[in-house]
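**Q** Take a look at the following structure, please.
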Amino acid sequence: MRHALLLGSLLLTTATAAVAAPSGPVNITTTVLAETRAEAANGTTQVRLVPVRRVVPGDHVVYQIKVTNSGAKPASGVVIANPVPAGMQYAGPAANSPAPEVSVDGKSFGQLASLRIATADGRARPATAADVRVVRWRLAQPVPAGGAQQVAFRALLK
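Residue numbers -20 to -1, 1 to 138, in mature numbering (1 follows the signal peptide of the UniProt record, and there is no 0), belong to the letters of the sequence shown in order.
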């Protein structure tokens, strides 16, 4: 069974979307967490993820996207595409998450280093994180029946 899922953009809220599949529902839950930094007793800096209460320009947030399969069969070929919300800048994959493919136009996807942006003078320049508009994962493993998989990306509030 193949599923193509598109998540709506979120700025700083938590949302749940559900997609019904022929063999059972595949549910998508997106949680937005703020990165906080605190000095540990040993002098290192610890990064923690906390529920978003207030963020200001320059703060980082993490979008955690969880795919849950409550169906009776594995869901294979799952693709998750998530727009980078307005006012946010893509800042890379989150810790313990596979790197997504990215897009600057919502149509062509690849690794950031392979993407180019057309300039006004007809030339092209390398794309930067600020140019990324959509992140996408093609889950390598089926989501097992009764199971879940999670991916995540970091973003910076402009």
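Quick reminder that beta carbons are idealized off the backbone N, C-alpha and C, glycines included.
What number of angstroms, rounded off, separates the C-alpha of Glu19 from the C-alpha of Leu29?
**A** The alpha-carbon atoms of Glu19 and Leu29 are separated by roughly 15 Å.
**Q** To the nearest angstrom, how far is the alpha carbon of Ser77 from that of Val123?
**A** Roughly 15 Å separates the two Cα atoms.
**Q** Taking Lys53 as the reference, give the member of Pro80, Tyr70 and Gly127 with the closest Cα.
**A** Here the closest residue by C-alpha is Gly127.
**Q** Note down, in chain order, each residue of its chain lying with its Cβ closer than 6 Å to the Cβ of Ala110, except the 5 sequence neighbours on either side.
**A** Cβ neighbours of Ala110 beyond the five flanking positions: Gln69.
**Q** In whole angstroms, what separates the C-alpha of Thr48 from that of Ser94?
**A** Using only the alpha carbons, I get a separation of about 31 Å.
**Q** Using CA atoms only, rank isn't needed, just tell me which of Gln44, Phe89, Gly72 and Asn22 is closest to Val32.
**A** For Val32, the nearest C-alpha among the options comes from Gln44.
**Q** Does the separation of the CB atoms of Leu92 and Val112 fall below 8 Å?
**A** The answer is yes: Cβ separation under 8 Å.
**Q** For the beta strand (DSSP E) containing Ala55, list its first residue and its last residue.
**A** That residue, Ala55, is in no beta strand (DSSP E); it is neither H nor E in DSSP.
**Q** By how many angstroms is the C-alpha of Ala98 removed from the C-alpha of Ile8?
**A** Answer to the nearest angstrom: the Cα atoms are 34 Å apart.
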